[in-house]
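Protein chains in written order, with the UniProt record's numbering: chain A, 1 to 209; chain B, 1 to 209.
Built from N, CA and C at the ideal position, the CB exists for glycine as well.
Report on one structure; see the data block that follows.
There are 2 protein chains.
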Amino acid sequence: MLDLAILGILHESPMHGYELRKQLAVKIGTLRAAISYGSLYPTLRKLQAVGWIAEGDAEDESAAPAGTEVPPMTSRRGRVVYKITAEGKERFQELLAQAGPETFEDQGFGVHFAFFARTDPATRLRILEGRRRKVEERREGLRDVLNRAAERLDAYTLELQRHGLDAAEREVRWLEELIASERSGRTPGPAPQVGTTDMKPRSDTPERS
Amino acid sequence: MLDLAILGILHESPMHGYELRKQLAVKIGTLRAAISYGSLYPTLRKLQAVGWIAEGDAEDESAAPAGTEVPPMTSRRGRVVYKITAEGKERFQELLAQAGPETFEDQGFGVHFAFFARTDPATRLRILEGRRRKVEERREGLRDVLNRAAERLDAYTLELQRHGLDAAEREVRWLEELIASERSGRTPGPAPQVGTTDMKPRSDTPERS
DNA sequence: GTGTCGATGTATCGGCGCGATACATCGGCA
DNA sequence: TGCCGATGTATCGCGCCGATACATCGACAC
Numbered sequence: 001m002l003d004l005a006i007l008g009i010l011h012e013s014p015m016h017g018y019e020l021r022k023q024l025a026v027k028i029g030t031l032r033a034a035i036s037y038g039s040l041y042p043t044l045r046k047l048q049a050v051g052w053i054a055e056g057d058a059e060d061e062s063a064a065p066a067g068t069e070v071p072p073m074t075s076r077r078g079r080v081v082y083k084i085t086a087e088g089k090e091r092f093q094e095l096l097a098q099a100g101p102e103t104f105e106d107q108g109f110g111v112h113f114a115f116f117a118r119t120d121p122a123t124r125l126r127i128l129e130g131r132r133r134k135v136e137e138r139r140e141g142l143r144d145v146l147n148r149a150a151e152r153l154d155a156y157t158l159e160l161q162r163h164g165l166d167a168a169e170r171e172v173r174w175l176e177e178l179i180a181s182e183r184s185g186r187t188p189g190p191a192p193q194v195g196t197t198d199m200k201p202r203s204d205t206p207e208r209s
Numbered sequence: 001m002l003d004l005a006i007l008g009i010l011h012e013s014p015m016h017g018y019e020l021r022k023q024l025a026v027k028i029g030t031l032r033a034a035i036s037y038g039s040l041y042p043t044l045r046k047l048q049a050v051g052w053i054a055e056g057d058a059e060d061e062s063a064a065p066a067g068t069e070v071p072p073m074t075s076r077r078g079r080v081v082y083k084i085t086a087e088g089k090e091r092f093q094e095l096l097a098q099a100g101p102e103t104f105e106d107q108g109f110g111v112h113f114a115f116f117a118r119t120d121p122a123t124r125l126r127i128l129e130g131r132r133r134k135v136e137e138r139r140e141g142l143r144d145v146l147n148r149a150a151e152r153l154d155a156y157t158l159e160l161q162r163h164g165l166d167a168a169e170r171e172v173r174w175l176e177e178l179i180a181s182e183r184s185g186r187t188p189g190p191a192p193q194v195g196t197t198d199m200k201p202r203s204d205t206p207e208r209s
C-alpha cells in the first residue's frame, strides 16, 4: 500500500523523504492520516533494495524545469533524494491495475483513487464499482441495525449509527456520479486519458516545493 | 483502545470472544472496522492477566457431570465466557474519562462516543469539542489545498479533496449540534445522567458557535 | 559572537492491531 | 452418510504508527 503511494509520488518527481511525506499528506491525506516516518524510511529502504527506486544524486533536478523559483527550502545538504527507476515504473503500473480486496477499503481506495489520472479507464471503473459495493454493504448493515435493533441501543450509539449511515449514503451517491462520469467518457476535468502506455497527467506543473 | 472497547462491552453483560466481536462490530463498527481475532484474543488474555476481566463459569456446559473421559488427547476447547471484574469497572471509568490526543482521532473518538451513555457530561463535552477542533483543522487544511494549490492537482485528486472537505464540514456541523445538545442539558435519549450531585457547570472554552 | 528556537531532515524502536490460517464442534439438508 | 456453513478459540507474520533521538540551518535576540 505504501509502496504504491511512494512510487506514485516519486513518479511525478524525485524527492527526499521529508518532502515526500508532505506531498503524500496532501495527495492521500483525505482518507488516511499522514504517513509516519516509522513507515516511510523503512519502506524507502525496502523499495531501494528491490530496485524500484534509487538514490538520485542530484539537486540539479530543480535546475532543469525553468520557471521554478525554488521556494524557500530545498537547498543542498546531506539529504537523500530518491527517484523512481524504470522497473519501479513498471511495478507502479502493475500495482495500480491490480485491485485486491483491500483496494476497496478506506485507505486502499484513497490511495488508488489519488492516482486515477494514471490509471486506465477500465481499472478506474472496476475500482469505483468495487468501492461502491463495499460502501453499500456497510450502508445496508447500518440500516439493518437502525431498523431492527434500534430499541436495544442507547441514544448515543444510535446517533453514531445514523451519522455513519448518512456518510455511507453520501459516499454511494458520490461514487454513482463518478461512475456515471466514467461511463460517459467525461472524466472529471482535464484528463481524457487515451492510450495505455505511460500517460501522464498535467505534468506541466513543476511540482516543486 | 481495544481495552476500553472490550471492557465497555463486557460491562453490559458477560460474553465469550466470538459474541464479543459481533457486539463490538455493531457498537463501534461505524468508525472502525470489526476487531480482528488476532487482536481480540491476545487482548482478552492481557486483560485477564491484569485482573480487569475474569473467566466466568460457563454453567450450562457443566450440566453434564465431570465424568467426561471422552476427550482422548486433543484438548477440547469449550467456549470461554469472560466477565468484567470490579477493578475492571474502575479502570473502565478511568479510561472513559481520560481523553488523550488519540481520543480525537477517528477510531478513538468512535469508541469513546459509543460509550457516551456511561460517560459523565463534562467529559462528553470535552471530547466533543476536542473532536470538533480536530476535524476543523482537517477542514481548514483541505480548504487551503483547494484554494491555494488546486491548479497543481489533477482532477481526481481534486475531487477526492472536495469529497473529504464535504465530509469534514458535515461532521463539524454534526458535532456542533451534539455540543449544543449537551450544553442545553437535553442529551439525546434515555441517559440524562442526573445523579451526579455536583456537576460543575464548567464554564468552558470561549469558542462558541 | 552566541544562545536557543523552530523548521528541516534522517533514522530507529516498541508495540498495536490486521489478515491469513489452523483446528474443532455443531446443526442442517441432500 | 457426507458435506457445508456457522460457531468458536487461537497463533503468526508484518504493516504501520507514535515516540524518540539526533543533526543542521536560518532567524531573531542580546
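Any idea what DSSP makes of residue i, helix, strand or coil?
i	result
Ile84(B)	strand
Ala34(B)	coil
Arg76(A)	Bear in mind that a pLDDT of 42 at Arg76(A), under 50, signals an unreliable position, so the number given afterwards is only what the model happens to contain. If DSSP states are grouped into helix, strand and coil, Arg76(A) belongs with coil.
Pro65(A)	For Pro65(A), the predicted structure reports a pLDDT of 42, less than 50, and the residue's modelled location is therefore unreliable. A value from the coordinates is still provided. Three-state DSSP puts Pro65(A) in coil, outside helix and strand.
Ala99(B)	coil
Gly56(B)	strand
Arg186(A)	coil
Gly29(A)	coil
Gly164(A)	helix
Leu51(A)	The question names Leu, but residue 51(A) in the sequence shown is Gly. Reduced to three states, the DSSP call for Gly51(A) is coil.
Tyr41(B)	helix
Here's a check: name, in chain order, each residue in its chain whose Cβ is nearer than 6 Å to the Cβ of residue i, leaving out the five neighbours to either side.
i	result
Leu47(B)	Ile53
Identify, in the order they occur along the chain, each residue of the same chain with its Cβ nearer than 8 Å to the Cβ of residue i, setting aside the five sequence neighbours on each side.
i	result
Leu95(B)	Asp3, Leu4, Leu7
Pro72(B)	In this prediction, Pro72(B) scores a pLDDT of 36, lower than 50, which makes its location untrustworthy; the coordinate-derived value is nonetheless stated afterwards. If we look at Pro72(B) and ignore the five residues flanking it on each side, it has no Cβ neighbours.
Met1(B)	Glu102, Gln107, Gly108, Val111
Arg21(A)	Ala34, Ile35, Tyr37, Leu40
Tyr18(A)	Arg79
Ala49(B)	none
Thr43(A)	Leu2, Asp3, Ile6
Val172(B)	Arg132, Val135, Glu136, Arg139
Phe104(A)	Ile127, Gly130, Arg131, Arg133, Lys134
Leu10(B)	Leu20, Ile53, Tyr82, Lys83, Ile84, Gly88
Glu182(B)	Pro121, Arg124, Leu125, Leu128
Ile179(B)	Leu125, Leu128, Glu129, Arg132, Ser209
In its own chain, which residues sit with a C-beta less than 7 Å from the C-beta of residue i, not counting the 5 before and 5 after it?
i	result
Phe116(A)	Arg124
Ile28(A)	Ala5, Gly110, Val111, Ala114
Arg118(B)	Leu96
Leu142(A)	Gln161, Gly164, Leu165, Ala168
Leu158(B)	Ala150
For residue i, list the residues DSSP reports as bridge partners.
i	result
His16(B)	Val81(B)
Below 8 Å on the Cβ atoms is my guess for residue i versus residue j; work out the distance and round it to an integer in Å.
i	j	result
Leu31(A)	Asp120(A)	Contact doesn't hold; Cβ gap of about 22 Å is too wide.
Ile127(A)	Ala168(A)	That pair is no contact at about 18 Å.
His16(B)	Arg79(B)	5 Å
Val145(B)	Val26(A)	5 Å
Pro14(A)	Gly51(A)	In fact, because the Cβ distance is near 16 Å, the residues do not count as touching under 8 Å.
Arg139(B)	Leu165(B)	6 Å
Entirely within the stretch 106-158 of chain B and at least 3 residues each: give me those beta strand (DSSP E) ranges in chain order.
none
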